[in-house]
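In what follows, a structure is listed as structure tokens, so that the remarks can point back to it.
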Amino acid sequence: MNVTRDIASTRAALAAARQAGRPIALVPTMGALHAGHRSLIEAARRDAGCVVVSIFVNPTQFGPRDDYVRYPHDESGDLKQCEEAGVDLVFFPPVEAMYEKDAVTKVNVGRLTETLCGPFRPGHFDGVTTVVNTLFNIVQPDVAYFGQKDAQQLAIIKRMVRDLRMPVRIVACPTVREPDGLAISSRNENLSDAQRRQAASLYGALCDAGDRIRGGERDAAVVTREMQRIITEAGPARVDYISVVDPETMQPVANVAAPVLVALAVHIGATRLIDNLRVDPGVRSP
Ligand code: PAF
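Okay, here's the thing in structure tokens:
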């Protein structure tokens with residue numbers, strides 16, 4: 012497995028694969044790899060010739076109150092996992108390789124960034140799209156893999172690729188969950204045992220929403236009110252949002268007439284958790 016830290020050696024290392032006609036697959040990550048990332052790498056391994064994992068904790072997607080300095084780092088553990096997963100190249104750049112000191116350019120995907128997490132994390136999605144754009148320019152992948160757990164991020168990246176005519180195919184991979192349904196995230200480590208048990212209510216609330224919509228409920232307000240009840244009955248929680256939105260535009264939906272994304276962001280203690288479920292009202296519950 013090759014490990015590169017600068018643009019020139021990354022491009023040089025990938026030139027041979029490109030010349031041999033091996034499609035290049037990129038799995039962008041911020042490290043602290045877990046089962047969710049491993050599922051993206053596995054999907055990439057199944058589909059493509061040359062698998063690249065980028066590991067970069069991107070400062071521009073963290074706000075002043077976010078945990079950039081406390082974000083977990085585990086370089087040797089991450090490299091070991093990549094090696095075991097059969098990754099061909101890990102791109103592990105320092106900040107200077109990714110950003111000019113006086114960089115001013117940002118990529119903004121408009122209205123898609125203004126709902127759900129947008130108002131709670133100003134500038135976050137601009138940071139994500141700018142760094143993903145830079146990674147695409149450095150690696151020049153044929154295909155890139157993102158998790159559905161970050162559904163808004165995924166929708167924004169798909170729209171950026173479409174609008175800017177970027178020659179990369181985006182593959183969405185299913186959320187990996189614990190046995191009780193909690194979506195796997197590096198943030199789960201911060202929960203106490205009691206909070207960890209309470210956190211299962213988030214997936215419980217999403218499943219309730221799915222059942223209600225498939226059972227014929229069309230009023231999004233009724234669906235989100237019930238979700239709020241389930242979550243707050245499970246223990247103390249601060250809800251940023253519980254919303255029903257269009258899965259492509261991320262705009263709120265009041266009456267469910269087509270597939271929707273039910274999405275939430277909830278603080279349990281000091282830990283902010285996000286999750287979502289895509290629900291098709293045309294598929295009736297038994
Ligand atoms: O989802 C993430 O881990 C990050 O937002 C990404 C896509 C690697 C960009 O920094």
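12 is the number of the first residue of the sequence shown in the numbering used here; add one for each residue after it. The beta-carbon is built from N, C-alpha and C at its ideal position, and this holds for glycine as well. Model, not experiment: these values are computed from the prediction.
Taking a cut-off of 8 angstroms for Cβ pairs, the stretch 118–127 and the stretch 68–85 do not touch, as fewer than three such pairs fall below it.
Set against 7 angstroms, the gap from the CB of Q164 to the closest heavy atom of the ligand PAF is smaller. When distances are taken from the beta-carbon of N69 to the heavy atoms of the ligand PAF, the shortest one is below 7 angstroms. If you keep only unbroken beta strand (DSSP E) runs of at least 3 residues inside the stretch 27–80, you get 35–40, 61–66.
Under DSSP, H278 shares a beta bridge with R249, R283. When DSSP states are grouped into helix, strand and coil, G158 belongs to the strand group. The alpha-carbon separation between D161 and A46 amounts to approximately 15 angstroms. Distance from the CA atom of R295 to the CA atom of R225, rounded to whole angstroms, is 5 angstroms.
When distances are taken from the beta-carbon of M41 to the heavy atoms of the ligand PAF, the shortest one is below 7 angstroms. The alpha-carbon separation between A24 and R289 amounts to approximately 39 angstroms. Following the DSSP letters along the chain, one finds T116 in no alpha helix (DSSP H), marked with neither H nor E. A Cβ-Cβ contact shorter than 8 angstroms links V150 with V63.
Set against 7 angstroms, the gap from the CB of V172 to the closest heavy atom of the ligand PAF is not smaller. Sixteen is the threshold: when 16 or more other Cβ atoms of the shown chains lie within 10 Å of the Cβ of S254, as they do, the residue is buried.
Proximity of the beta carbon of Q239 to the ligand PAF is not indicated: no heavy atom of the ligand is located closer than 7 angstroms. In this model, A166 and V154 are separated by some 16 angstroms (Cα to Cα). Here the C-alpha atom of V187 lies approximately 22 angstroms from the C-alpha atom of D257.
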